[in-house]
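This report refers to the structure that appears directly beneath it.
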Amino acid sequence: MTKRNLIADALRLKAERKALILAHNYQLPEVHAVADVIGDSLELALAAQKATEPILVLCGVRFMAETALILNPDRMVLMPEPDAGCPLADFLTPDVILSTKAQYPDAAVVVYINSTAACKAVADSVCTSGNAVRIVKSLPHRQIIFGPDTNLASYVQSVLPDKEIIPIPEGGHCYVHMQFDPADLTEVKSSGIQIIAHPECPPQIRAHADHIASTGKMAEIAKTGSSWYICTEVGMLDRLGELCPDQTFVGNENALCADMKKTTLQELVVCLRDLTGQVQVPQEIMEGARKSLEYMLQVP
Numbered sequence: 359m360t361k362r363n364l365i366a367d368a369l370r371l372k373a374e375r376k377a378l379i380l381a382h383n384y385q386l387p388e389v390h391a392v393a394d395v396i397g398d399s400l401e402l403a404l405a406a407q408k409a410t411e412p413i414l415v416l417c418g419v420r421f422m423a424e425t426a427l428i429l430n431p432d433r434m435v436l437m438p439e440p441d442a443g444c445p446l447a448d449f450l451t452p453d454v455i456l457s458t459k460a461q462y463p464d465a466a467v468v469v470y471i472n473s474t475a476a477c478k479a480v481a482d483s484v485c486t487s488g489n490a491v492r493i494v495k496s497l498p499h500r501q502i503i504f505g506p507d508t509n510l511a512s513y514v515q516s517v518l519p520d521k522e523i524i525p526i527p528e529g530g531h532c533y534v535h536m537q538f539d540p541a542d543l544t545e546v547k548s549s550g551i552q553i554i555a556h557p558e559c560p561p562q563i564r565a566h567a568d569h570i571a572s573t574g575k576m577a578e579i580a581k582t583g584s585s586w587y588i589c590t591e592v593g594m595l596d597r598l599g600e601l602c603p604d605q606t607f608v609g610n611e612n613a614l615c616a617d618m619k620k621t622t623l624q625e626l627v628v629c630l631r632d633l634t635g636q637v638q639v640p641q642e643i644m645e646g647a648r649k650s651l652e653y654m655l656q657v658p
């Protein structure tokens with residue numbers, strides 16, 4: 359079946375099912391073509407919270423679908439590709455959080471949205487790359503246990519020196535954002551191209567950036583210049599090209615998230631047709647995770 363036919367089938371089934379399709383910025387362009395909301399993790403969480411449709415279809419990775427369900431426990435949440443996970447999210451466990459909390463009893467716990475529902479359930483708040491600084495700043499605690507991304511933790515620490523950020527677990531990072539080379543960025547800057555880096559990039563990459571931003575903010579920044587090197591997942595180049603057709607974007611083709619690319623149009627059509635890939639989160643985890651997500655969403 360052609361891509362055009364698959365898009366037509368997905369749009370028809372979406373209407374018949376009264377479904378809302380949420381797609382992350384890193385998804386394939388043909389998935390974006392049928393999505394109702396395209397955005398970063400924060401934008402998708404906000405859209406899920408406001409959704410009125412009986413069925414939510416999450417085109418992304420598992421922690422995003424879990425978030426949509428936690429915020430909408432009375433709705434059906436589907437994943438076209440249930441095996442789409444996140445190695446970074448899997449790196450942190452509730453036991454590590456609780457053992458660290460025992461060492462720092464006066465600390466608050468903030469977990470990156472790229473974490474499991476079980477980790478969110480034992481946190482004081484969730485954060486995204488776009489609001490991590492704002493969330494940590496909003497808490498009265500001086501010490502903040504932060505995981506699982508140590509690069510994002512170091513970014514928050516650099517912006518908020520009055521806080522003590524305690525990163526867990528040691529070595530936690532997104533493998534995609536480790537693909538960039540400082541030497542390449544030096545060459546990029548010498549050619550007059552500006553750099554936008556995701557906060558998940560390591561400090562030596564962020565040091566070369568003209569701007570540090572979540573994927574949700576990158577398009578806004580990109581409109582202020584003509585040529586950009588983007589330090590994040592390569593799919594963002596397609597998305598920025600859609601949003602800013604008058605600008606030029608380059609990046610690293612090796613910065614590719616295999617899990618983000620698992621969702622195909624064919625799987626999305628099957629998911630809508632057969633209502634497959636339903637996401638489940640145990641009730642005892644749902645309640646704790648909802649509290650930490652709701653704290654994040656109520657911070658202005």
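Each step along the sequence shown adds one to the number in the working numbering, with nothing skipped, and position 109 is 467. Note that the Cβ used here is the ideal one computed from N, Cα and C, for glycine as well.
| said: Rounding to the nearest angstrom, what Cα-Cα distance links I493 and L614 in this structure? | reply: 28 Å
| said: Can you tell me whether S572 is helix, strand or coil according to DSSP? | reply: coil
| task | Grab the span of the beta strand (DSSP E) containing G443 for me, first residue to last. | result | Premise fails: G443 is in no beta strand (DSSP E) and is neither H nor E.
| request: Within its chain, find whatever has a CB closer than 6 Å to the CB of D394; leave out the 5 residues flanking it on each side and keep chain order. | output: L378 and I379
| query | Does the beta-carbon of A403 have 16 or more other beta-carbons within 10 angstroms, so that it is buried, or is it exposed? | reply | buried
| message | Considering just the uninterrupted stretch of the alpha helix (DSSP H) at A405, what are its terminal residues? | response | S399 to K408
| By the 10 Å Cβ neighbour count, where 16 or more other Cβ atoms means buried, how is A465 classified, buried or exposed? | buried
| DSSP beta-bridge partners for F504? | V468 and P525
| request: Taking 8 Å as the cut-off, decide whether the C-beta atoms of G505 and P527 are in contact. | output: yes
| Is it true that the CB of Q636 sits closer than 8 Å to the CB of M434? | yes
| Where R420 and A580 are concerned, what is the direct C-alpha to C-alpha distance, given to the nearest angstrom? | 29 Å
| Smallest Cα separation from E600: which of M359, R375, Y384 and R362? | Y384
| query | Do you know how far the Cα of G583 is from the Cα of V468? | reply | 34 Å
| said: I'd like the span of the beta strand (DSSP E) that includes C485, first residue to last. | reply: S483 to C485
| message | For T622 and P440, what's the separation of their Cα atoms in angstroms? | response | 12 Å
| query | Should H535 be flagged as near chain D, meaning a C-beta pair shorter than 8 Å? | reply | The structure shown contains no chain D, having only a single protein chain.
| request: Assign L456 to buried or exposed, taking buried as 16 or more other Cβ atoms, counted over all protein chains shown, within 10 Å of its Cβ. | output: exposed
| Hey, how far is the Cα of L364 from the Cα of P525? | 44 Å
| field | DSSP-derived helix/strand/coil call for H499 | value | coil
| request: Kindly indicate which three-state DSSP category Y587 falls into: helix, strand or coil? | output: strand
| task | Give me the Cα-Cα distance between I396 and L369, rounded to the nearest whole angstrom. | result | 15 Å
| task | Put T458 into one of helix, strand or coil per three-state DSSP. | result | helix
| query | Could you give the residue range of the beta strand (DSSP E) that holds C559? | reply | Neither: C559 is in no beta strand (DSSP E) and is coded neither H nor E.
| query | When the Cα of M536 is compared with those of Q552, K547, R564 and E545, which residue comes out closest? | reply | R564
| Minimum C-alpha distance to P412 - residue among R375, E591 and L595 | R375
| said: For a test of your reading of the model: does the CB of S584 fall under 7 Å from any non-hydrogen atom of the ligand GDP? Yes or no. | reply: This structure does not include the ligand GDP; it has no bound ligands of any sort.
| For the beta strand (DSSP E) that L378 lies in, which residues bound it at each end? | A377 to H382
| said: Just to confirm my understanding: we take V608, look at its own chain, exclude 5 residues before and 5 after, and list those with CB closer than 6 Å. What are they? | reply: Y587
| said: Excluding the 5 residues flanking L626 on each side, which residues of the same chain have their C-beta closer than 6 Å to its C-beta? | reply: A368 and P438
| request: Apply the 10 Å Cβ neighbour rule to M359 and answer buried if 16 or more other Cβ atoms are within range, or exposed otherwise. | output: exposed
| How many angstroms separate the CA atom of G530 from the CA atom of L510? | 10 Å
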